[in-house]
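Numbering that gives the first Met the number 0 numbers the first residue of the sequence shown as 0 and each following residue consecutively.
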Amino acid sequence: MNIWDKFKAKYDAFDTSGRLITILFFTTLLGWILSRAYEPAYMQLVLPKGFLPALLQPWSWISYGFLHEDLWHFIGNAFGIYIAGRYVLNIFKSRQLLSLFFLGVLAGSISFIVATGLLPGFFRGGSMIGASAGVFALIFFACSYFPESEYRLIFVNIKLKYFAYFFLASNLAMVALQLNTGGSLAHLAGAGVGYYTAIRMKDGIDILEGFAKIGDYFTNLFKSTFNTTKSERKAKMKTVYKGNNKASKSAAAKSTDQGKVDSILDKISSSGYESLSKAEKDYLFKAGKD
């Protein structure tokens, strides 16, 4: 097995969070190379401040989220995606995670454009890069949907809601002190998206459905971007010729499974995630992978 085949195997084994991190790594690496090889082209991908420059580069409202200033900037965001993604994918589908991420990135760009357009004197930098707004959307969604769940930080278990309080306070302080003001406002915009989405989800309203097509497109991209094997094609051909009886049984089984998932989600809405038994948590985790 050559290096490319090994990479394909590793990529296919990742969940959606891992694939998103992988793609961010390569786009960031390409961004670093481009910034040194031909900076004018690189500047077309970063988000400029002010209304007119940003309107002339509409693609940069998203592309900025796939670039990072340095290795630590990337590592911090990758870690946030990895941790928050574990909670999100435990119950929700890949399309929802990706829709939430992109919505956070878009909210971050809009907040940056509006703030720098209205109050240009408060912002020292001329542009913005980084996936932090999308990452904050994922983090605050997890912290708001599972506030009582705990994450072990070194030797101490800390409830997720306290991480949200810390990130909120630190970014508000940075805005007040005019330290990375544009970036902090973008973080807060992403956090707001994550919080609002979680609250609506608890009420049984999926506000991400309108962005599902975006999520579906990138979910397909993040699945296997490589050719299917002969055995996989044969398996697909066999599926086409299944009898109606088996198809009906499969549909009935899926309906039953969905009913059980809905029942567990209702329990989470009323009593919180920690009220679930281990069997229920395992069932949700398995359902989220299907």
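Cβ atoms here follow ideal geometry from the backbone N, Cα and C, with glycine treated the same way.
| task | Classify Q177 as buried or exposed, calling it buried when 16 or more other Cβ atoms lie within 10 Å of its own Cβ. | result | Around the C-beta of Q177, fewer than 16 other C-beta atoms lie within 10 Å, and the residue is accordingly described as exposed.
| query | With 16 other CB atoms within 10 Å as the buried threshold, where does F25 fall? | reply | That one is exposed.
Whole-angstrom distance between N179 and R123, CA atom to CA atom
In a straight line, the C-alpha of R123 is about 8 Å away from that of N179.
Return yes when the Cβ of F140 is within less than 8 Å of the Cβ of V104, no when it is not.
Contact: no.
- Please state whether DSSP places R151 in a helix, a strand or coil. If DSSP states are grouped into helix, strand and coil, R151 belongs with the strands.
Q.
The alpha helix (DSSP H) that contains Q95, what's its start and end?
A. Looking at the DSSP string, the run of the alpha helix (DSSP H) that includes Q95 is S93 to L117.
Worksheet item: In three-state DSSP terms, what is P57?
Response: Three-state result, P57: coil.
Q) Would the beta-carbon of S131 fall within 8 Å of that of G193? A) No, these two residues do not count as a Cβ contact at 8 Å.
**Prompt:** Any idea what DSSP makes of I80, helix, strand or coil?
**Reply:** It is helical.
What span of residues does the alpha helix (DSSP H) with F210 cover, start to end? From DSSP, F210 is part of no alpha helix (DSSP H); its letter is neither H nor E.
Can you list, in chain order, the residues of its chain whose CB lies under 8 Å from that of D4, leaving out five sequence neighbours each side?
Hits under 8 Å: none found.
With D205 as the anchor, note down where its alpha helix (DSSP H) starts and where it stops. Premise fails: D205 is in no alpha helix (DSSP H) and is neither H nor E.
Practice prompt. Buried or exposed for Y63, please, with buried defined as at least 16 other CB atoms from any protein chain shown within 10 angstroms of its CB.
Written response: Buried, by the Cβ-count rule.
Subject >> Between the CA atoms of S276 and E208 - distance to the nearest angstrom >> reply: Roughly 29 Å between the two C-alpha positions.
Requested in this report: Would you list the one or two residues that DSSP bridges to I138?
Outcome: According to the DSSP secondary-structure assignment, I138 is paired through a beta bridge with no residue.
Three-state secondary structure assigned by DSSP to N89:
N89: coil per DSSP, three-state reduction.
How should R35 be labelled, buried or exposed, when 16 other C-beta atoms within 10 angstroms of its C-beta is the threshold for buried? With fewer than 16 neighbouring CB atoms inside 10 Å of its own CB, R35 falls in the exposed class.
Provide the residue span of the alpha helix (DSSP H) that contains V174, from first to last. Run containing V174: L159 to A175, per the alpha helix (DSSP H) assignment.
*Please name the residue, chosen from M42, K158 and L55, that lies closest to E68 on a Cα-to-Cα basis.*
E68 has its Cα closest to that of M42, out of M42, K158 and L55.
**OP:** Compute the beta-carbon to beta-carbon distance between I138 and A83, rounded to the nearest angstrom, for a pair I have assumed lies under 8 Å.
**Re:** Taking the Cβ atoms as the reference, I138 lies roughly 5 Å from A83, within the contact range of under 8 Å.
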